[in-house]
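Chemist:
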Amino acid sequence: MDISALLATAKCRSTPVRVELIRLLSSAHRRYTVTELIGVLRAHKSTLHKTTLYRELSLLSTLGWVEAGVNHDGEQVWEWSMGGEHHHHAVCTNCHTALSVSVSEGFVAEVEKSLKKQGFVLRQHVLEFLGMCKKCAKI
Ligand SMILES: [Zn+2]
Ligand SMILES: [Zn+2]
Ligand SMILES: [Zn+2]
177 MDISALLATA KCRSTPVRVE LIRLLSSAHR RYTVTELIGV LRAHKSTLHK
227 TTLYRELSLL STLGWVEAGV NHDGEQVWEW SMGGEHHHHA VCTNCHTALS
277 VSVSEGFVAE VEKSLKKQGF VLRQHVLEFL GMCKKCAKI
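Residue numbers (my numbering): 177 to 315.
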C-alpha cells in the first residue's frame with residue numbers, strides 16, 4: 177500500500193508519524209490500545225505525545241480508515257477498518273492477533289430491539305471471544 181498516495185487522495189499531509197501509524201495499523205489484523213500504539217511508535221520516534229496520537233486517530237476515524245472499539249478490559253482500542261465490514265473478534269490473549277467472527281445480524285438486531293423496549297439507550301456493543309491462536313496454542 178502506498179501510504180503517501182493514499183493520504184494525498186484524502187488531501188492529508190504525509191507526516192512521518194501519520195505514515196508510521198497507518199503502516200502499523202494496516203499491517204496486521206489486530207486492535208491496539210493507545211498505550212500499545214505509543215509504545216510501538218515511540219520506538220521509531222521519541223517525541224510522540226498522547227495528544228498528537230489522539231488527534232491522528234481522530235483524523236483517521238473521520239476518514240473512515242480506523243474504527244474505535246472497546247476491548248474486554250473496557251479499554252478503547254483502534255483497528256484499521258478501510259474497506260472492512262463491521263465484525264467481531266476472537267482474540268489471542270497471548271499475541272493479540274485476531275480472527276474475524278461474523279455474528280448474525282438478526283441476533284444483534286434482536287438484542288437491540290429488546291433493549292430499546294426496556295428503555296435502554298445503546299451506545300455500542302462489545303462482543304469478543306478470548307483464547308489462544310493456533311500458533312500460540314502449540315507453544
Ligand atoms: Zn457488532
Ligand atoms: Zn497468538
Ligand atoms: Zn477486525
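Backbone N, C-alpha and C define an ideal beta-carbon position, used for all residues, glycine too.
None of the values given here were measured: they were computed from a predicted structure.
Residues around ligand 3, please: the ones whose beta-carbon is closer than 6 Å to some heavy atom of it, in chain order.
Modeler: His205, Glu255, His263, His265, Ala274, Ser276
Chemist: Could you check whether the stretch 226–243 touches the stretch 197–206, counting it as contact only if at least three pairs of C-beta atoms, one from each stretch, sit closer than 8 Å?
Modeler: Yes: at least three Cβ pairs fall under 8 Å.
Chemist: Indicate the three-state DSSP secondary structure (helix, strand or coil) for Glu288 in the structure shown.
Modeler: helix
Chemist: Under three-state DSSP, which class holds Phe305?
Modeler: strand
Chemist: Regarding Cys188 and ligand 2, is the C-beta to nearest heavy atom distance less than 6 Å?
Modeler: no
Chemist: How is the alpha helix (DSSP H) around Val210 delimited, first residue to last?
Modeler: First-last of the alpha helix (DSSP H) with Val210: 210–218.
Chemist: Taking the alpha carbon of Gly260 as the point to measure from, which residue in Thr269, Val253, Val267, Gly240 has its own alpha carbon closest?
Modeler: Among Thr269, Val253, Val267, Gly240, the Cα nearest to that of Gly260 is on Gly240.
Chemist: Mind checking which residues open and close the beta strand (DSSP E) that includes Glu255?
Modeler: 252–256
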